[in-house]
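What follows is a set of notes on a single structure, which appears directly below.
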Amino acid sequence: MSDIVFDRISKLFPRGGSQFAALADVSLKIPDKQFLAIVGPSGCGKTTLLRMAAGLESPSSGSVQVGGRPVNGPGADRAVVFQQFALFPWKTVRENIAFGLKCKGVPRAKRDQVALDYLELMGMVGTQDNYPHQLSGGMQQRVAIARSYAIEPEVLLMDEPFGSLDAQTRTLMQEELIRISRVNPRTVLFITHGVEEAIYLADRVVVLTGSPGRIREIIDVKSIRESEGWDRLVSEDALEMPEFSHLRARIWRLLRQEMQAAPRSTDGKFN
Amino acid sequence: MEAILTGARPNRVELALFSLAGTVIFFGLWQILAMSGLVSKFVLPSPAEVILAGLRMTVEPFAGDTMQGHVLASLTRWGMGFGLAAGIGVPLGLAMGYWRVLDAIVSPMFEGYRYIAPLAWVPFAALWFGTGVGGPVMVIFTGAFAPCVINAYRGAQSVERHLTEAAWTLGAGGVRVMMEVLLPGALPSVVSGLRVGAGLGWQSLIGAELIVVSSGIGYVLVQGQSNLAPEIVISAMLAVGFTGLLIDVALRFAESRIRMRWGQTT
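Protein sequence lines correspond, in order, to chains B and X. The first sequence begins at 51 in the working numbering and counts up by one. The second sequence begins at 1320 in the working numbering and counts up by one.
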């Protein structure tokens, strides 16, 4: 069991002498092996939520549990894929993917084999001795995803992983991610700006309000997708399905309301 | 010569020629001044006499050893002091860049120490560590230590936050983050610090040798002065400068190699 539970989370950041509320009373449960995407206006605290699950940030009140254990700091049971890839520039592709296994004390031969297996899964055989700067953005993010999968974490935390890729690469990476998560299902928390990306990838989509972030709505995409039968389609075909368009319009309306309610952000200040 | 008049950027060959011309003019004027009889030979020997004295010292011992023996004695002391400064300073700087608490604990002492000139340590070093090996090594250490620490510290702080975070989330502990993330990330800065530290250490060493030891180039300087042999004093000064230059060239080379490798990767 590796569920993620956010229990009445609030987060305050000091800002210019007062306190800025990034998140207010967020409770959310991501069941084992579910792929959950969070969308919301900029600055709604989506990334903060993910960083709390990663143990890189702690809540001002409330608690986060992963697999039934309270989160007290970063750990290899919760792998993070960062928007900026965060590959080690001085390590080769193989060394990057094997880094987590090295931390666990896995012997070299074994971890090299695991790295090569993941490169094969990613369709990147032959790049193992390259340095990250020798690869394209899409390839670099593939390596980062492989690095996260290689430690076999209970949960994967992805913070706008495709945000810095061009549109075409992004689409291919989304399909790749679906493929990999079918081979190797994990509990995934996926932060994104892209509404279509969220609908295409996630089992459930959470829409957050503007700051302070609260849960506006939770949408069960999986049942809709399966009932209309676009769970096996490539993205351009899925985009043509009527329910996909309905979902997209529905989420966009929610987001637009939140963005137009922007002055709300000043309400977020506690003096 | 057009370069001077037009202000255009001279090329490398022209620059090398200007450097050569500057050196030739300097030594030429010095030689003329010495030969003119305007200054006494006991105040300013000619460059030819200085070089001859230096060469003679490579075969005839002076103050207990040959020139190369003295240079070697100085280099050995320098190597020990500098090695110690690098070995303690770099890990300390990286750790201070990583653990803010350690930074807060060490900073006040460190900031105070930075402004004590290496030569001010000489009496203390002689009292505590003697005039043989320990004292001079400590003086070199005090000269080389600060740049090693500061550059490692700045280098560690310049390592992008998400790299450290990625290492944590992959299960790396403090020591591994330091060795596999902070050190390689900070390496270009660390090497610059080592180069500056090496130079300052070498300068401090000569100061220490003037006062407390009975071998090394600094000791040759003092003995040359007591023997009223200015040609020996100046030849020892040239040896100091030349050896320091060699150290710097070697470290610059290492630095450029590392930058070449690291520069493309970030």
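Ideal Cβ placement from N, Cα and C applies to all residues, glycine included. The structure presented is a predicted model; accordingly, all values stated were derived computationally and were not measured.
Unbroken alpha helix (DSSP H) run spanning residue i, endpoints
| i | result |
| --- | --- |
| Ala1372 of chain X | Pro1366 to Met1376 |
| Gly1341 of chain X | Arg1331 to Met1354 |
| Asp162 of chain B | Arg158 to Leu171 |
| Pro203 of chain B | Note, Pro203 of chain B: premise wrong, no alpha helix (DSSP H); not H, not E. |
| Thr1461 of chain X | Gly1453 to Ser1477 |
| Leu1524 of chain X | Leu1502 to Val1531 |
| Gly1493 of chain X | Gly1493 to Val1496 |
| Ala1439 of chain X | Careful: Ala1439 of chain X lies outside any alpha helix (DSSP H) and carries neither H nor E. |
| Leu304 of chain B | Pro292 to Gln310 |
| His1481 of chain X | Arg1480 to Thr1488 |
| Pro1427 of chain X | Arg1419 to Arg1433 |
| Leu1547 of chain X | Premise fails: Leu1547 of chain X is in no alpha helix (DSSP H) and is neither H nor E. |
| Asp281 of chain B | Counting along the chain, Asp281 of chain B falls outside any alpha helix (DSSP H), and DSSP gives it neither H nor E. |
| Met174 of chain B | From DSSP, Met174 of chain B is part of no alpha helix (DSSP H); its letter is neither H nor E. |
| Glu246 of chain B | Val245 to Leu251 |
| Arg220 of chain B | Ala217 to Val233 |
CA-to-CA distance, residue j to residue i, given in whole angstroms
| i | j | result |
| --- | --- | --- |
| Arg314 of chain B | Glu170 of chain B | Since pLDDT at Arg314 of chain B reaches only 48, below the 50 mark, its modelled position is unreliable, and no value is offered. |
| Leu1411 of chain X | Arg1473 of chain X | 12 Å |
| Ala1382 of chain X | Trp1440 of chain X | 25 Å |
| Ala200 of chain B | Ile1407 of chain X | 36 Å |
| Arg58 of chain B | Leu1489 of chain X | 27 Å |
| Val233 of chain B | Ala1505 of chain X | 39 Å |
| Ile268 of chain B | Glu204 of chain B | 23 Å |
| Gln307 of chain B | Gly263 of chain B | 14 Å |
| Arg1480 of chain X | Phe132 of chain B | 11 Å |
| Thr316 of chain B | Val1510 of chain X | With a pLDDT of 46 at Thr316 of chain B, under the threshold of 50, the modelled position of this residue cannot be trusted, and the question is left open. |
| Val1541 of chain X | Ala1558 of chain X | 14 Å |
| Met1665 of chain X | Ile1525 of chain X | Since the displayed chain X opens at 1320 and closes at 1585, residue 1665 of chain X lies outside it and no answer follows. |
| Ala194 of chain B | Val1332 of chain X | 48 Å |
| Glu293 of chain B | Trp1418 of chain X | 52 Å |
| Met1399 of chain X | Leu1391 of chain X | 12 Å |
| Val1358 of chain X | Leu1352 of chain X | 7 Å |
| Ile54 of chain B | Trp280 of chain B | 27 Å |
| Phe320 of chain B | Arg282 of chain B | Only weak support is given to the placement of Phe320 of chain B: the predicted model assigns it a pLDDT of 40, under 50, and the value that follows is read from those uncertain coordinates. Distance between the alpha carbons of Phe320 of chain B and Arg282 of chain B: 47 Å. |
| Arg220 of chain B | Arg192 of chain B | 11 Å |
| Pro124 of chain B | Gln1387 of chain X | 56 Å |
| Val1452 of chain X | Leu1371 of chain X | 31 Å |
| Arg101 of chain B | Ala1444 of chain X | 51 Å |
| Glu210 of chain B | Arg158 of chain B | 32 Å |
| Ser1508 of chain X | Val1568 of chain X | 17 Å |
| Gly1347 of chain X | Ala1475 of chain X | 49 Å |
Range of the contiguous beta strand (DSSP E) that encloses residue i
| i | result |
| --- | --- |
| Arg254 of chain B | Arg254 to Leu258 |
Option nearest residue i by Cα separation, candidates the options
| i | options | result |
| --- | --- | --- |
| Glu1528 of chain X | X:Leu1352, X:Ser1393 and X:Gly1356 | X:Ser1393 |
| Phe240 of chain B | B:Asn234, B:Leu289, B:Arg232 and B:Ile249 | B:Ile249 |
| Glu1430 of chain X | X:Phe1448, X:Thr1461 and X:Ala1445 | X:Thr1461 |
| Ala103 of chain B | B:Gly90, B:Val89 and B:Ala129 | B:Ala129 |
| Leu258 of chain B | B:Ser231, B:Cys94 and B:Ala159 | B:Cys94 |
| Leu1564 of chain X | X:Met1376, X:Leu1519 and X:Val1510 | X:Leu1519 |
| Ala1436 of chain X | X:Phe1361, X:Thr1562 and X:Gln1522 | X:Gln1522 |
| Gly1535 of chain X | X:Ser1508, X:Val1478 and X:Thr1450 | X:Thr1450 |
| Ser108 of chain B | B:Glu145, B:Gly117 and B:Val121 | B:Val121 |
| Gly173 of chain B | B:His183, B:Gln163, B:Ala196 and B:Met208 | B:Ala196 |
| Asp127 of chain B | B:Thr242, B:Pro292 and B:Ser52 | B:Ser52 |
| Arg229 of chain B | B:Ser110, B:Lys141, B:Val284 and B:Lys79 | B:Val284 |
| Gly112 of chain B | B:Lys61, B:Arg101 and B:Val156 | B:Lys61 |
| His243 of chain B | B:Ala159, B:Ile265 and B:Trp302 | B:Trp302 |
| Pro1466 of chain X | X:Glu1484, X:Val1500 and X:Ala1404 | X:Ala1404 |
| Arg1396 of chain X | X:Thr1483, X:Leu1570, X:Val1532 and X:Ser1554 | X:Val1532 |
| Ile274 of chain B | B:Ser261, B:Cys153 and B:Ala288 | B:Ala288 |
| Gly117 of chain B | B:Leu151, B:Asp82 and B:Glu210 | B:Asp82 |
| His296 of chain B | B:Gln310, B:Met309, B:Val271 and B:Phe56 | B:Val271 |
| Trp1349 of chain X | X:Ala1367, X:Leu1339 and X:Ala1340 | X:Ala1367 |
Bridge partners - residue i, DSSP secondary structure assignment
| i | result |
| --- | --- |
| Met208 of chain B | B:Val131 and B:Phe240 |
| Ile268 of chain B | B:Val256 |
| Gly352 of chain B | Within the shown structure, residues of chain B are numbered from 51 to 321, placing residue 352 of chain B beyond reach of any answer. |
| Phe1381 of chain X | X:Asp1384 |
| Ile54 of chain B | B:Ile80 and B:Val116 |
Chain D within 8 Å of residue i, Cβ atoms only
| i | result |
| --- | --- |
| Phe138 of chain B | The chain inventory of the structure shown lacks chain D, comprising the protein chains B and X. |
Problem - Whole alpha helix (DSSP H) elements within the region 57 to 142 of chain B, 4-residue minimum - result: Runs of the alpha helix (DSSP H) inside the region 57 to 142 of chain B: 96 to 104.
Handout entry: Whole runs of the beta strand (DSSP E) within the region 1391 to 1415 of chain X, excluding any shorter than 3 residues
Key = List check, beta strand (DSSP E) in window: nothing returned.
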